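Asks: Got a structure here, written out as structure tokens. Questions coming.
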Ligand SMILES: C[S@@+](CC[C@H](N)C(=O)[O-])C[C@H]1O[C@@H](n2cnc3c(N)ncnc32)[C@H](O)[C@@H]1O
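Numbering (the working numbering), first residue to last: 2 to 298.
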């Protein structure tokens, strides 16, 4: 039977394939890896997609990784177009980075990537609810200059308004390509809950697994002021989502967590699994290939 290569792997260069094969046995050495990493990032070695996958880009590597992972899955499953989203745009630093990652990765991988950014345009809404951590966040923080940002954006679309109102209408109003990756950065529990409802949309609107980044679930040893917990903020919204859905779960990205050299953002990348999605079980490795030969003596 003819070998049918996974379409997402077709464009990957020979050197990238070789590098991935040598990673475990050579490049993942404690002394070799820091230098290799610096060289790949600063000399811009390999393709943009490869650097995004490994987080070796300067702007928002966590966003780049999610865009790559979403595009890879989309391409593997035969999608021609996907969408990536940022919830919480503020001045637009994240959204412009997302736009760039989408352009570069989309071009290299041969998949169209639409970009959307949700924001009130007026900064954080008022809240006295302890679950929103008002001891950190204040009404009006991170106000956006909408006109200035609109001029900077090349392809991304701004969805202005409170997510309680914009999320329920989003699919009808914008008819976006299926959602593949979502960056959550609205700080508040009460804003994250309505945004997560996006994952209740029909299968045609979503990929079966969606790569997400949550900015406010823990950063570093220096975030002692935040005192984040499972009972407040984004973590509570995620926990409640999982409790309320039997066939949809937001889970850590165990592949990243198992990596020998962890970046601080690895634990903030989670994957939304839509177990009942029509494409959840569809094969993503090279079709018709029997991998059992690799394990024979
Ligand atoms: C920390 S800022 C985002 C920073 C941005 N992601 C970046 O990387 O530069 C949080 C943003 O979330 C937005 N936000 C919070 N709650 C919202 C809600 N209910 N609806 C829409 N936007 C909201 C605020 O307007 C604010 O601009």
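Glycine is no exception: its CB is placed at the ideal position from the N, C-alpha and C atoms.
The structure presented is a predicted model; accordingly, all values stated were derived computationally and were not measured.
Taking 8 Å as the cut-off, decide whether the C-beta atoms of residue 233 and residue 134 are in contact.
Replies: The answer is yes: Cβ separation under 8 Å.
Asks: Taking the alpha carbon of residue 25 as the point to measure from, which residue in 139, 189, 261 has its own alpha carbon closest?
Replies: Closest option to residue 25, Cα to Cα, is 261.
Asks: Note down, in chain order, each residue of its chain lying with its Cβ closer than 7 Å to the Cβ of residue 243, except the 5 sequence neighbours on either side.
Replies: Excluding residues within five positions, the ones whose Cβ falls inside 7 Å are 250, 251.
Asks: In terms of residues, what are the limits of the alpha helix (DSSP H) holding residue 68?
Replies: From DSSP, the alpha helix (DSSP H) with residue 68 extends over 62–77.
Asks: Should residue 84 and residue 178 be called a contact, given that it needs their Cβ atoms to be closer than 8 Å?
Replies: Yes, they are a contact pair.
Asks: Restricting to runs no shorter than 3 residues, where is the beta strand (DSSP E) found entirely within the region 207–271?
Replies: Counting only runs of 3 or more, we get 207–215, 249–253.
Asks: Can you tell me the Cβ-Cβ gap for residue 75 and residue 208, rounded? I've got them flagged as a contact below 8 Å.
Replies: Their Cβ separation, rounded to whole angstroms, is 6 Å, which keeps residue 75 and residue 208 in contact under 8 Å.
Asks: Where do the N-terminal and C-terminal ends of the alpha helix (DSSP H) with residue 174 fall, by residue?
Replies: Note, residue 174: alpha helix (DSSP H), 164–175.
Asks: Residues in the same chain with beta-carbon distance under 8 Å from residue 156, minus the five sequence neighbours each way, listed in chain order, please.
Replies: The residues are 100, 103, 104, 115, 116.
Asks: Taking the C-alpha atoms as reference points, what is the distance between residue 38 and residue 57?
Replies: Rounded to whole angstroms, residue 38 to residue 57 spans 7 Å at the Cα level.
Asks: Would you mind working out which of 229, 122, 22, 258 sits nearest residue 144, comparing C-alpha positions?
Replies: It is 122 whose Cα lies nearest to the Cα of residue 144.
Asks: What residues match up with residue 274 in a beta bridge as DSSP calls it?
Replies: Partner(s): 210, 250.
Asks: Would you kindly check if the distance between the Cβ of residue 272 and the Cβ of residue 254 is under 8 Å?
Replies: Going by C-beta atoms, residue 254 is nearer than 8 Å to residue 272.
Asks: Leaving out the 5 sequence neighbours to the left and right, which residues in its chain are closer than 8 Å to residue 40 when beta-carbon positions are compared?
Replies: Answer for residue 40: 46, listed in chain order.
Asks: Quick check on DSSP: helix, strand or coil for residue 147?
Replies: Note: residue 147 maps to helix in three-state DSSP.
Asks: Name, in chain order, the residues that DSSP records as bridge partners for residue 119.
Replies: Its beta-bridge partners are 88, 160.
Asks: Less than 8 Å separating the beta-carbons of residue 185 and residue 88?
Replies: Yes, these two residues count as a Cβ contact at 8 Å.
Asks: Under 6 Å Cβ to Cβ from residue 98, same chain only, skipping five residues before and after it: list those, please.
Replies: Taken in chain order, the residues that qualify are 60, 61, 64.
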